[in-house]
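Following the numbering used here, the numbering of the sequence shown begins with 52 at its first residue and continues without gaps.
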Amino acid sequence: MKKKRYQYVLESGLGTIGFITISFIFGYALYGNRSDAPSWIPKGFFPEDFPEEWWNQIIIKFFFWLFVTNAIIYGIWFLVEFRRLLINRAPKQKNYRIYYRYERYERCRNSKPDD
């Protein structure tokens with residue numbers, strides 16, 4: 052059975068939300084407690100004595116910026132797809148200029164020639 056467009060959007064939207072949540076947990080929540088974190092990040096959920104080895108720093112920063120970029124990119128993408136869905140489900144409007152031009156053409160074609 053063929054999937055409808057809204058099913059694709061729903062599935063990819065749920066996957067996106069899951070992906071952003073995972074990157075949020077690993078990035079935002081961990082990076083918020085770091086001493087070198089920017090001031091605009093609130094404190095995270097994890098303890099402040101999280102090990103400060105360099106690989107942990109790289110992993111935490113990677114997941115944090117992954118979360119930020121994914122939230123922006125997928126947020127914009129989801130809004131565009133949702134808007135496209137709403138437009139596609141709206142009742143179609145006739146393009147009256149083309150419609151009346153076609154009607155005029157049909158009237159001319161169907162009219163009987165003058166004898």
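All C-beta atoms, glycine included, are put in the ideal place defined by N, C-alpha and C. Model, not experiment: these values are computed from the prediction.
Let's test the definition: count the other Cβ atoms within 10 Å of the Cβ of F114 and tell me whether it reaches 16, buried, or not, exposed.
In the sequence shown, the residue the question calls residue 114 occupies position 63. By the neighbour-count rule (16 or more Cβ atoms within 10 Å), F114 is buried.
Report yes if the CB atom of Y125 is closer than 7 Å to the CB atom of T72, and no otherwise.
Residue 125 sits at position 74 when you count from the first residue of the sequence shown. Residue 72 sits at position 21 when you count from the first residue of the sequence shown. No, the Cβ-Cβ distance between Y125 and T72 is not below 7 Å.
Buried or exposed: Q111, going by 16 or more other Cβ atoms within 10 Å of its Cβ?
Within the sequence shown, residue 111 is the residue found at index 60, counting from 1. Position check: residue 111 holds Ile in this sequence, whereas Gln was assumed. Around the Cβ of I111, a 10 Å sphere holds 16 or more other Cβ atoms; the residue is buried.
For F133, count neighbouring Cβ atoms within 10 angstroms of its own Cβ and tell me buried if that reaches 16, exposed if not.
Stepping through the sequence shown from its first residue, residue 133 is reached at position 82. For F133, the number of other beta carbons within 10 angstroms of its own is below 16, and it is reported as exposed.
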